[in-house]
Amino acid sequence: MLGAKGFAYDVMSDEAGSESDQRGWQQYLRRAEAPVTVVLDSRVPDLSYVSTLNHLCDVVCIDDEQYRDFDCRLVVNPNPWARPERYGAQSGRTVLAGPAYALVDRAFLDGRRARSSVGDVPVVAITMGGEDPDNVTAHTLAAMASLTRPLHVKVIQGPAFLGQRRVRALAEASPHQVTVVEGCTDLAPLIPDIDIAICSASTTSYELATAGVAMIVVALADHQIPVARYFRDTGSAVTVGRGDSFTSDWSALSPAVSRLVEDGDARQAMLARIRQLFDGRGAFHVSMTILGHEHATAGLVASRD
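In my numbering, the protein residues as written are 4 to 308.
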């Protein structure tokens, strides 16, 4: 993916944190002809590895976890529920946290459009991210059969989805028009036709929010629960589930879709809130900070509510 975007990159094959890995970094940095910035995700084995690397070069950490205390120049937590003050003060470290820093491709912002109304046959997308190992996609499609208003249901499956056979059978039996998109690696081109999306509380929900799509959000795993809670508490999406677990409640799903389709005022209020929270410039703000253009994020370091 990096290569497709025009970036040069190297693959470090040694186990992260091992002696051979550290030797490899030292050799790589000696050969480098320009200053090096290393971007690490939250799966780094331990905090001491980050600290060691930070003494060798410039380090940026993308934190998808619960406020890990990284010793580096910049921490980016793109989760909408994240708050920079939860990290505590550390000299020389900047923290960018919250929905203003959602790392979403510019194409989703470019695809944003005013969805003031839905057509006679609304387009409802079902997209549960790249995997969906429990085939929540199929359960969702089955629940849609009880809706009497004609719909065009777009089932968008990620490249690691394995439940195609069940989804195809449900699509053939559905009373609605159903389009199945298999092996999707880029959601952006499909966005303009979507009126409402039923999606996982993952990066997919950030992409849809950036594009200005009304959403029903489902938590597929424990780490998605804070995301679903954030959308519920801010009024920026509908959540379907039992209590704060936000697991799929199929009996509540169809009424939720029906309300979003029929209640234009509620849908517009939700979309207005989404536009306030997700401006689509998170990747730009983060990249400018990495490059040292701090003025690009002036006034934005504190997360937006």
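Think of the CB as a built atom: it goes at the ideal place given N, C-alpha and C, for glycine as much as any other residue. Keep in mind that this is a model prediction, so the values were computed, not measured.
Compare the beta carbon distance of residue i and residue j with 8 Å and say whether it is the shorter of the two.
i, j, result
"residue 91", "residue 76", "no"
"residue 59", "residue 29", "yes"
"residue 126", "residue 196", "yes"
"residue 222", "residue 231", "yes"
"residue 147", "residue 140", "no"
"residue 215", "residue 105", "no"
"residue 99", "residue 73", "no"
"residue 107", "residue 129", "no"
"residue 267", "residue 120", "yes"
"residue 281", "residue 102", "yes"
List the endpoints of the continuous beta strand (DSSP E) containing residue i.
i, result
"residue 30", "Not the beta strand (DSSP E): residue 30 falls in the alpha helix (DSSP H), residues 22-34."
"residue 44", "40-44"
"residue 243", "Unbroken run through residue 243: none, as it is neither H nor E."
"residue 121", "Note, residue 121: premise wrong, no beta strand (DSSP E); not H, not E."
"residue 224", "Counting along the chain, residue 224 falls outside any beta strand (DSSP E), and DSSP gives it neither H nor E."
"residue 128", "126-130"
"residue 158", "155-159"
Tell me, to the nearest whole angstrom, how far the beta carbon of residue i is from that of residue j; I am working on the premise that it is less than 8 Å.
i, j, result
"residue 174", "residue 144", "7 Å"
"residue 33", "residue 283", "About 39 Å separates the two Cβ atoms, so there is no contact after all."
"residue 45", "residue 66", "5 Å"
Using a 10 Å radius around the Cβ and a threshold of 16 neighbouring Cβ atoms, would you call residue i buried or exposed?
i, result
"residue 54", "exposed"
"residue 168", "exposed"
"residue 270", "buried"
"residue 165", "exposed"
"residue 17", "exposed"
"residue 246", "Annotation note: pLDDT 48 at residue 246 (below 50); position unreliable, coordinate value reported separately. Residue 246 is exposed by the Cβ-count criterion."
"residue 162", "exposed"
"residue 263", "buried"
"residue 294", "exposed"
"residue 1", "In this structure the chain extends from 4 to 308, so residue 1 is not present and cannot be described."
"residue 12", "exposed"
When you measure from the CB of residue i to every non-hydrogen atom of the ligand ZN, does any distance come out below 7 Å?
i, result
"residue 188", "The ligand ZN is absent from the structure shown, which contains no ligand whatsoever."
The alpha helix (DSSP H) that contains residue i, what's its start and end?
i, result
"residue 147", "139-147"
"residue 231", "228-237"
Inset, instruction - Please specify which runs of the alpha helix (DSSP H), each continuous and at least 4 residues long, are wholly inside the segment 35-112, giving them in chain order. - result: 50-57
Legend entry - Those runs of the alpha helix (DSSP H) which lie wholly inside the segment 168-208 and span at least 4 residues: none
Inset, instruction - Would you list, in sequence order, the uninterrupted alpha helix (DSSP H) runs of no fewer than 4 residues that lie entirely inside the segment 265-291? - result: At a cut-off of 4 residues, the continuous stretches assigned as alpha helix (DSSP H) that sit fully inside the segment 265-291 are 267-280.
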